[in-house]
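>
Numbering (the numbering used here), first residue to last: 511 to 624.
Listed below in structure tokens is the structure:
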């Protein structure tokens, strides 16, 4: 049996852009991605703390140390610049692996800085 558990989380990042005219995804500062153990193309789940929206998309790598958190395409309708979001990725693993696993969780400071 496998279970799906939290692998990575960026807790309370601020949306810096919402680009409706793009083909979907979320652009995340490369430094934040690395710190949280996320990779380009990975599926993530996003919770908007300001309006309760919950949705999923995939990651595009943004410029390192830019603080960029940009929702693209249809997801741009679910946020406004300045909203606070939680970005989460999950992984499947055996029960034994899950008991020993610790997720990577980061808490960005103002400007989405580490």
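Glycine included, C-beta positions come from ideal geometry on N, C-alpha and C.
Between the stretch 555 to 562 and the stretch 583 to 597, do three or more beta carbon pairs fall short of 8 Å?
Touching, yes.
> Whole angstroms is fine: what's the gap from residue 518's alpha carbon to residue 569's?
Their backbone Cα atoms lie some 13 Å apart in a straight line.
> Using the three-state DSSP reduction, which class does residue 583 fall into: helix, strand or coil?
Helix at residue 583.
> At what residue ranges does the stretch 521 to 599 contain a whole run of the alpha helix (DSSP H), taking only runs of 4 or more?
For the stretch 521 to 599, whole alpha helix (DSSP H) runs of length 4 or above, ordered along the chain, are 540 to 546.
> Is the stretch 569 to 581 in contact with the stretch 536 to 546, if contact means three or more CB pairs nearer than 8 Å?
Segments in contact, yes.
> Specify, as a first and last residue, the run of the alpha helix (DSSP H) that residue 606 falls within.
605 to 610 is the extent of the alpha helix (DSSP H) around residue 606.
> What is the rounded straight-line gap between the Cα of residue 516 and the Cα of residue 616?
Each residue's alpha carbon lies about 13 Å from the other.
> Can you tell me the Cα-Cα spacing of residue 539 and residue 549, whole angstroms?
Computed Cα separation, rounded: 11 Å.
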